[in-house]
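Chains as they are written, first to last, in my numbering: chain X, 37 to 383; chain L, 37 to 383.
Read the structure below first, then the notes.
Number of protein chains: 2
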Amino acid sequence: MKLKTSSPTISDVAKKAKVSIATVSRVINGKTPVVPETAERVHRAIKELQFVPRTAAQVLASRKTNTIGLILSEIGGAFFPHLLKGIEAETRTSGYELLIHSTQGAHDNQRKPLGEHNTDGLLVFTSSLSLDELGRLHDIQFPVVLMHQTPPREINVPVITIENKDGAVMLIDHLIEMHGRRQIVYMRGPEDHEDSEWRERGYREALEMHNIPINPNLIVTGGFDEEQSFAAMQKLIRDGIQFDAVFAGDDDAAIGAYRALKNAGRLIPDDVAVVGFDDVQFSRYLSPALTTVRAPIEEVGREAVRQLIRLLNGQQAQSLTLMRTEMIIRESCGCKFQEGTSLSKNI
Amino acid sequence: MKLKTSSPTISDVAKKAKVSIATVSRVINGKTPVVPETAERVHRAIKELQFVPRTAAQVLASRKTNTIGLILSEIGGAFFPHLLKGIEAETRTSGYELLIHSTQGAHDNQRKPLGEHNTDGLLVFTSSLSLDELGRLHDIQFPVVLMHQTPPREINVPVITIENKDGAVMLIDHLIEMHGRRQIVYMRGPEDHEDSEWRERGYREALEMHNIPINPNLIVTGGFDEEQSFAAMQKLIRDGIQFDAVFAGDDDAAIGAYRALKNAGRLIPDDVAVVGFDDVQFSRYLSPALTTVRAPIEEVGREAVRQLIRLLNGQQAQSLTLMRTEMIIRESCGCKFQEGTSLSKNI
DNA sequence: GCGCTTTCTGAAAGCGCTTACATAAGTATA
DNA sequence: TATACTTATGTAAGCGCTTTCAGAAAGCGC
C-alpha cells in the first residue's frame with residue numbers, strides 16, 4: 037500500500053506503463069505516432085492512476101495556453117447571456133478554454149488583465165479595453181478580435197458588429213411610412229458607444245430621406261439604461277417638448293420610456309409610438325409588446341471566436357464582419373394584432 | 037537597437053535592474069521584504085520592459101493556479117447573469133481568476149473538465165457535475181462548493197441554496213388566504229431538480245396546513261421552461277381539469293402558462309391566478325405583472341465564492357447556507373394596484 | 001572590537017510537462 | 001549482405017517562474 041500525497045505526474049504514468057515520459061506525452065497529445073500496443077499500456081496506466089496533466093506545465097512547455105480571453109465592461113444586461121452562449125459554444129467546439137474578465141466598476145488596482153501571459157488571443161466587447169492596451173497588444177502582434185467596436189485607423193484588428201444603421205433606418209422608416217409619425221425622439225446610448233452612434237446615424241438618415249428636419253430637442257441621452265431613460269423621458273415631457281414617437285436606442289431604454297409615458301398618462305402607441313433595439317427576452321412580454329430590431333448577438337459571439345481562431349492559426353481574418361439585423365414588428369409602433377397574440381412567441 | 041523576438045522574462049528584468057531573478061520575484065509577489073531602493077529599480081525595469089509574468093510559470097512553480105472554476109449545465113436562462121455577476125465580483129475582489137465551463141449539450145468527448153489540474157477550487161451549479169466526478173474530487177480533498185444542490189450524505193461539501201420551501205409556502209398561503217383559491221396547480225421543474233422538489237414540498241405543506249387535499253391531477257411537469265409548460269397547461273385545459281390558480285414552478289414556466297391561459301380565453305387573475313418563482317427581470321413587465329418569489333441569486337454566487345475561499349485558505353466552511361426568499365406581490369395573484377403602476381420598478 | 005541576531009539578496013533546485021535530437025530496430029534498396 | 005531510409009522510443013534540455021538555503025551586510029549589546 038503506497039501513499040502518494042499529491043496527484044500523479046507524467047512520470048508516475050511512465051513508470052507504470054514502462055515507457056519514457058516522452059512517450060506518455062506523445063500518446064496524450066496524439067500528434068506523434070505510437071505503436072498501438074504501447075499506447076494501450078499508457079492509456080491503462082493513465083486510467084488507473086487517474087492522471088490528468090497539469091495545465092500549467094503543458095502551457096509552460098508548449099508555449100500555448102489553449103485558452104481564449106473574453107473582456108467586457110459589464111456582466112449582466114439582458115443580451116449578455118446570448119453573447120456568452122455563442123462564444124462559449126464556439127470556443128468549446130474549437131477545443132479552447134474560456135477565461136472571462138469584466139472591467140466593471142473601478143479598474144482594479146493590481147489585477148493584471150487578460151493578455152499574452154495567460155491567453156492565446158482575446159475577444160474584446162465594446163470599449164472594455166483601453167486604447168493603450170489595445171495598441172500594445174497590436175504592437176506585439178497578439179491576436180485580438182473586437183466586437184461592436186471599430187478600432188482607430190492604425191490598429192488593424194478584425195471587428196464583428198451588427199447593422200446598427202440599417203436597423204435604425206428600418207425602424208424610423210416604419211414609424212414614418214406606416215404610422216405617419218414625424219416628431220421622433222432618439223434616446224442615445226452612453227457616451228462614445230459605437231452602437232449608439234450608428235443608430236443615431238440611421239435615425240438622421242431616415243429623417244433626411246423623408247425631408248424631415250432634425251430637431252435637436254428630440255435627441256436626448258438615455259444611456260441604454262432603464263433609469264436614465266426614464267428620467268430623460270420625464271424631462272422631455274415636463275419641458276413640454278412635442279413628439280409622437282420614441283426610438284429608445286435599446287430595449288432597456290424602451291422600458292424606461294414606457295414607464296415615464298404611462299406615468300404621464302400618454303398612451304402607447306396611440307399618443308406616442310415606442311421602438312427599441314436588440315430584441316431582448318422581455319421585449320415581447322411588454323404591454324404593448326415592443327417593436328424592435330433583432331440583433332444576432334449569439335452569432336456575433338460565434339463569429340468572433342471563429343475569426344480569432346483563424347488568427348491563432350496564422351490565417352487571414354475578415355477585417356470587418358457586419359451581421360444583418362431584422363425588424364421585429366409588434367405593437368408598440370402602432371401595428372395591430374389580434375387579441376391575445378402579444379404573448380405569443382416571436383411576435 | 038536590440039530586437040527581442042518574444043516578450044521579456046523575469047531574467048531580462050533582473051538583468052536590467054541588476055538584481056537576481058529571485059529578487060524580482062520577491063518584489064512582484066510582495067511577500068518578502070525588499071529594500072525600497074532595490075524595489076524601485078525593479079519596478080522601473082518592469083515598467084520599461086512592459087514585463088508581465090507568465091501565469092503558467094507562476095502556477096507551475098508555486099503550485100497554486102489562483103483561479104476558481106465555475107461549472108454549470110447551461111449558460112443562458114434569465115437568472116444566469118445575476119449568478120455570474122455575483123460570482124465574478126466576489127472572485128475578483130478576492131484576487132482570483134474565473135474559468136467558466138458549461139456542460140451544455142452532449143458531454144464533450146475528450147475535453148477535460150475543470151478540476152485539480154487547472155483550478156484551486158470549483159463552484160458547481162445544480163447537477164452539472166457527475167456524482168462520480170464529485171466523489172473523486174471529494175476523495176482527493178479538492179475544494180468544491182455546490183449551489184442549489186445537496187450532495188449525497190457521504191459527500192460533505194458546502195452548499196449554498198435558497199429557501200425554496202418557504203417561498204412556495206408563502207405563495208400558496210397567499211393564494212389561499214388572500215384570494216380564496218383552493219384548486220392550485222403545481223408545475224414541476226425538470227426531473228431531479230432540487231429546487232423543484234423543495235418547491236413542491238412547500239406546495240404540499242401549505243395545502244395540508246389549510247386542510248386542502250392534494251389532487252394529483254393538479255401536479256404536472258412544466259420543466260422550468262416556457263414551451264414545456266405551455267404544452268402542459270394546454271393539456272390541463274383540454275383535459276377539462278378544474279383549477280383556479282397555478283404555481284408555475286418558476287417564472288419561465290409562468291410565461292408558458294400565461295400564453296396557454298390567454299389562448300384559452302381564461303382571464304388572469306380573475307379566472308386563474310398565476311404565480312411564479314425567481315423574479316427574473318421580465319416578471320414585472322408581464323401583463324398582468326407576475327406575483328413571484330425573489331431569490332437572491334447574485335448573493336448566492338457571492339456567498340458560494342466566499343465559502344470556497346474559506347476552503348482554499350484551509351478554514352472551515354459553512355456546510356449549508358440557506359438564503360432567504362421574499363414574496364413579490366404584483367397582480368397575477370389577484371392583488372390590485374392603481375392603474376399604471378404595473379411597470380414601476382419592483383412592483 | 002567581538003560575537004550575535006536580524007535583514008536582505010543570490011544561487012540553485014525544482015515545478016511537470018513538450019520537443020528537438022539521438023538511438024535502436026525494422027524494412028527496403030542495391 | 002552491406003547501406004540507406006523509416007519509424008518508434010528514449011534522453012535531456014529547457015519553458016519561466018517560486019522558494020529553500022545559505023551567505024553577506026548591517027545593527028546591537030557588552
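For glycine and all other residues, C-beta sits at the position ideal for the given N, C-alpha and C.
Keep in mind that this is a model prediction, so the values were computed, not measured.
Annotated three-state conformation of S368 of chain L is coil, per DSSP.
Residues of the same chain with a CB within less than 8 angstroms of the CB of F178 of chain X, apart from the 5 flanking positions on each side, are G151, E152, G157 and L158 in chain order.
Annotation: F161 of chain X is outside any alpha helix (DSSP H); the continuous beta strand (DSSP E) that includes it extends over G157 to F161.
Listed along chain L are K148, G151, E152 and H153, each with a C-beta nearer than 8 angstroms to that of V88 of chain X.
Spanning the alpha carbons of G276 of chain L and D202 of chain L requires a straight line of approximately 31 angstroms. Sequence-distant Cβ neighbours of V63 of chain L in its own chain, meaning closer than 6 angstroms and more than five residues away, are V70, A75 and V78. Nearest CB-CB separation between I111 of chain L and chain X: below the 7 angstroms threshold. Under the three-state reduction of DSSP, E241 of chain L is assigned to helix. For L134 of chain L, the nearest CB of chain X lies under 7 angstroms from its own CB, placing it at the interface with that chain. Three or more beta-carbon pairs separated by less than 8 angstroms link the stretch 285-303 of chain L to the stretch 255-268 of chain L, which places the two stretches in contact. Taking 7 angstroms as the cut-off, the beta carbon of K121 of chain L is found no closer than this to the beta carbon of E339 of chain L. Proximity to P44 of chain X across X:P249, X:T59 and X:V88 peaks at X:V88, based on C-alpha coordinates.
Interface flag for S368 of chain L against chain X is unset, since no Cβ pair is found closer than 7 angstroms. Closest option to T197 of chain L, judged by alpha-carbon separation, among L:W234, L:A58, L:F260 and L:I212: L:W234. A contact between stretches requires three or more CB pairs, one per stretch, nearer than 8 angstroms, and the stretch 245-257 of chain L fails this requirement with the stretch 299-315 of chain L.
Interface with chain X (7 angstroms Cβ-Cβ cutoff): L322 of chain L is included.
Neighbours of T68 of chain L in chain X, taken as residues whose beta carbon is under 8 angstroms from its own, are absent, since the nearest beta carbon is some 17 angstroms off.
Straight-line measurement puts the Cα of I111 of chain X at about 35 angstroms from the Cα of V60 of chain L. If you ignore the 5 residues before and after T103 of chain L, its C-beta comes within less than 8 angstroms of the C-beta of Y132, E133, L134, L135, N154, T155 and D156, all in its own chain and listed in chain order.
Annotation for I255 of chain L: Y222 place their beta carbon closer than 6 angstroms to its own, counting only its chain and skipping 5 residues before and after. In the pairwise beta carbon analysis, the stretch 203-213 of chain L is classified as touching the stretch 224-244 of chain L: at least three pairs are separated by under 8 angstroms. Scanning L:E367, L:L119, L:S47 and L:V310 for the CA closest to the CA of D280 of chain L turns up L:V310. Taking 7 angstroms as the cut-off, the Cβ atoms of Q278 of chain X and Q219 of chain X count as close.
In the three-state DSSP reduction, R80 of chain L falls in the helix class (H, G or I). Put simply, the backbone Cα of T91 of chain L is about 33 angstroms away from that of D228 of chain X. For A296 of chain X, no Cβ of chain L is located within less than 7 angstroms of the residue's own Cβ. In this structure T357 of chain L is buried. Its beta-carbon is surrounded by 16 or more other beta-carbon atoms within 10 angstroms. Per DSSP, reduced to three states, the secondary structure at G105 of chain L is strand. Annotation: Cβ neighbours of T91 of chain X in chain L (cutoff 7 angstroms, chain order): H153 and N154. Below 8 angstroms, too few C-beta pairs join the stretch 342-349 of chain X and the stretch 307-326 of chain X to call them touching: fewer than three.
Within the model, the alpha-carbon separation for K51 of chain L versus A81 of chain L is close to 9 angstroms.
The C-beta of Q94 of chain X has 16 or more other C-beta atoms within 10 Å across all chains shown, which makes the residue buried.
Under the rule that a run must span 4 or more residues, the alpha helix (DSSP H) segments found entirely inside the stretch 49-100 of chain L read 57-65, 72-85 and 91-98. CA-to-CA, the gap between L106 of chain L and S164 of chain X works out to about 23 angstroms. Residue pairing from DSSP places I198 of chain L in a beta bridge opposite L:M359. Judged by DSSP in its simplified three-state form, H118 of chain X adopts helix.
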